[in-house]
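Under our numbering, the first residue of the sequence shown carries the number 94, and numbering increases by one thereafter. In this text, a Cβ means the ideal position worked out from N, Cα and C, and glycines have one as well.
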Amino acid sequence: MPDPEIWSLNSKKGWPKIDYDKGIWIPCPAPDEGDQTRNQKWATTYATVWWEVSGFKHGKKQVRNMAEGLLEIQRGIYDTQPCHSAVLHMPNVNVVPLPVMVATWEAVGDADSQLRVLVHAEEPEAVETPLVEPFTAEKLGTGLKSQYLQKFQQGRELTGVVNYAWRVEDMETDVRVFTACGDLGRLQAAMPDIDQLTNTISVEPL
C-alpha cells in the first residue's frame, strides 16, 4: 500500500468530471448518509431504466434485486476505496456491474515517481511484476497504465487489477482511475470501454 499520506491530500484545485456513455455506464455518487430515500431513488431509477431498455421480460422483483445490488456496490465503493467519484460498467442486465473509481489528489513530488506509486507499479502482492506502460487519454494527456493479477488473502482466486494515473500540471492535480475484478473474462471484455472512458475524464476547477 502506498504512503497513506497520499490518500489524504485531496486536490485543492481540481475535481474529476466524467462524460460517460450513458448507454453502458451508471453514475455512482457517494451515498447520502442523511437521506436514505435519495439513495434508494438513485438505485431504483437506474435499475428500472436498465431493465426497460434490456428487452427482457421483467417485473418488480428483477428491478428490486438490481436496485439492492446497486446500493450494496455503492456502499462498498465509498466505504473501502480511496476515490472521489465512480461509475459502474453495465452494458446489459446480464452482467454484474463493474465499478471504475476516479480520484483527484494533490500533485506532490516528482511526477514520474508519483504516477508509478498511483498505478502500484511495485505492487508487492502482484503474482507477477505489473505490466506498466505509457497511456494517453484525450483530455488528460499521457500518463501510466498498469495491469496485474493479485491473490487477496480472503480469497483463493486471482483478481485482475487495472490502474491509470496522470499528472495535470496546471491544476496541480494527480488523477487516478482504477478497477479490479475477480472475473478475468468480465474484466477483459470491459477493457475497451474502460480505456475509452478515460478519454472522457477531465479535471474541473473547484
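Euclidean distance between Cα positions of W108 and P298: 6 Å
My output table needs one value for T235: the three-state DSSP class, helix, strand or coil. strand
Going by DSSP, what residue range makes up the beta strand (DSSP E) through E161? No beta strand (DSSP E) contains E161, which is instead part of the alpha helix (DSSP H) from 153-173.
Cα-Cα, which of D286, V270, K232 is closest to V212? V270
Spell out a yes or no on whether the stretch 184-197 and the stretch 266-280 are touching, meaning 3 or more CB-CB pairs, one atom from each, closer than 8 Å. yes
Which residues mark the beginning and the end of the beta strand (DSSP E) in which I119 is found? 118-120
Below 6 Å CB to CB, which residues in the same chain sit around K110 once its five sequence neighbours on both sides are set aside? S295, E297
Measure how close the beta-carbons of P223 and A214 come, nearest whole angstrom, since I'm counting them as under 8 Å. 6 Å
Between which two residues does the beta strand (DSSP E) carrying E199 extend? 191-199
Could you check what DSSP says for G107 in three-state terms: helix, strand or coil? strand
Selection from N187, G152, G202 that minimises the alpha carbon distance to T266: G202
Anyone know if the C-beta pair for A140 and A160 falls short of 7 Å? yes
In three-state DSSP terms, what is V142? helix
Taking N158 as the reference, give the member of I170, G127, W143 with the closest Cα. W143
Identity of the residue in N292, P122, A282, Q243 nearest Y257 by Cα: N292
Please state whether the Cβ-Cβ distance between M264 and K106 is less than 7 Å. yes
Can you tell me where the alpha helix (DSSP H) holding V210 begins and where it ends? 204-211
Which residues bound the alpha helix (DSSP H) around P285? 277-291
Please state the DSSP three-state secondary structure of D267. strand
Residues sharing a beta bridge with F228, DSSP: G236
Just to confirm, is the Cβ distance from A136 to L164 under 7 Å? yes
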